[in-house]
Amino acid sequence: MRHEMIDFYLKETGLLDHLKQKNVTEVVVNRPFEIATEGQDGWQFHDAPNASLENLMHLAATLTTFNKAGMLNEGNPIKSLVLPNGERAQVVIPPACLEGTLSLTIRKPSTERFTLNDYLQSGRFSTAKYAKKATAELREEQRLLKQLFEAAQTDESQLPVFLQEGVNQRLNFLIVGGTGSGKTTIAKAIADLFPHDRRIITIEDVPEMSLPFHRNCVRLFFKEGGVRPKKLIEAAMRMKPDHIFLAELRGDEAWSYLEALNTGHEGSITTIHANNTYAAFARLASIIKQSEIGLTLDMELIRRTIKSSIDIILFLNHSYLTEIYFNPEEKNALLAGA
1 MRHEMIDFYL
11 KETGLLDHLK
21 QKNVTEVVVN
31 RPFEIATEGQ
41 DGWQFHDAPN
51 ASLENLMHLA
61 ATLTTFNKAG
71 MLNEGNPIKS
81 LVLPNGERAQ
91 VVIPPACLEG
101 TLSLTIRKPS
111 TERFTLNDYL
121 QSGRFSTAKY
131 AKKATAELRE
141 EQRLLKQLFE
151 AAQTDESQLP
161 VFLQEGVNQR
171 LNFLIVGGTG
181 SGKTTIAKAI
191 ADLFPHDRRI
201 ITIEDVPEMS
211 LPFHRNCVRL
221 FFKEGGVRPK
231 KLIEAAMRMK
241 PDHIFLAELR
251 GDEAWSYLEA
261 LNTGHEGSIT
271 TIHANNTYAA
281 FARLASIIKQ
291 SEIGLTLDME
301 LIRRTIKSSI
311 DIILFLNHSY
321 LTEIYFNPEE
331 KNALLAGA
């Protein structure tokens, strides 16, 4: 019976038609009445007149029961599930996402099987580069960014160019300052620079990080006594993100965030309270060390991981940008084991 109900709601919402498409690999719902799919041509958006919040919630609840995954409710708003045909699904409901919405991410398992000769004949081996040990020497794209950084020190008109190139190169931004310093405001300005066809997951405690130019966006929320940001980072990594933006580093989520940056989700924005750019390193290391996972980590490992993960640090004071950190030579040296 549960199997039949799942099929009914998949068909009723319009999801089933997209799941049957051979070239579709991801099917997601970010908001009622719209389905997005990813295939060979990137993300496509489709009207879904019957994908109401009510029907989507019925589907999510039925899937949860089918998986014997407990209750899906305000106290347990995140579930990792499997559809009857083997597709993996990630479900998030309020209060962990925007009221009036539901986030559903379905990943189709690959049914294709290739021989090594298929890879050769299709050209999929043609881009292979043989790995070399990392060195402190700057790569070409890093040299370009370094030139822009140095130019911006004497010509402020080059600073937006530098920041845009940092976004283009999928660098990780840490924005630093005190309360009311303008961290979130400049974070939104930088977020707007990211390509508008990217899928972005934001994680925040209050709805401040709006992304009006990014249609494929899901906003997740944590709160004291409720869903913790670490749990949301884990959920976000199952939602096919191109980028994860975290409102503020403040607790045990900090290490999980750094791990996300180092597992294929580079190109991020987050903030932290500190007195200057270099103090941000010590502040972040202290936050991690005080966490449960941090107690098991060596402080030197924490420091090296931070400096090899964060690329650009901006320090703001009363909405004015007063200090910038960018040191690719140091990052390369750390990655090279120096």
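Each residue of the sequence shown is one higher than the last, beginning at 1 in full-length UniProt numbering.
Built from N, CA and C at the ideal position, the CB exists for glycine as well.
Please read all numbers here as calculations on a predicted model, not as lab measurements.
- Taking C-alpha positions only, K108 is separated from L10 by approximately 14 Å.
- Straight through space, the alpha carbons of T65 and E87 are spaced by roughly 16 Å.
- Taking 8 Å as the cut-off, the Cβ atoms of L258 and T305 count as close.
- In the DSSP assignment, L81 falls within the unbroken beta strand (DSSP E) covering I78 to V82.
- When the alpha-carbon of T184 is set against those of E38, N327, I288 and Y320, the nearest one is in Y320.
- In this structure, the CA atom of T202 is about 8 Å from the CA atom of C217.
- For a cut-off of 8 Å, the C-beta gap from N55 to E12 is around 6 Å, short enough to register as a contact.
- F114 sits in coil when the DSSP states are folded into three classes, being neither helix nor strand.
- Under the Cβ criterion (8 Å, minimum of three pairs), the stretch 231-242 does not count as touching the stretch 63-77.
- Distance from the Cα of L314 is smallest, within the candidate group I269, H196 and L193, for I269.
- In its chain, beyond the 5 residues on either side, P32, G100, T101 and L102 have a beta carbon closer than 8 Å to the beta carbon of L53.
- For the pair L301 and R198, the Cα-to-Cα distance works out to about 32 Å.
- When C-alpha distances from L144 are compared across L335, A333 and P328, the shortest belongs to P328.
- In the DSSP assignment, E12 forms no beta bridge with any residue.
- Within the same chain, N276, T277 and F315 come within 7 Å of E323 by CB-CB distance, once the 5 residues on both sides are set aside.
- The three-state secondary structure of Y119, taken from DSSP, is helix.
- Cα atoms of F326 and A36: separation of roughly 37 Å, rounded to the nearest angstrom.
- When only Cα atoms are considered, L98 and A128 end up about 42 Å apart.
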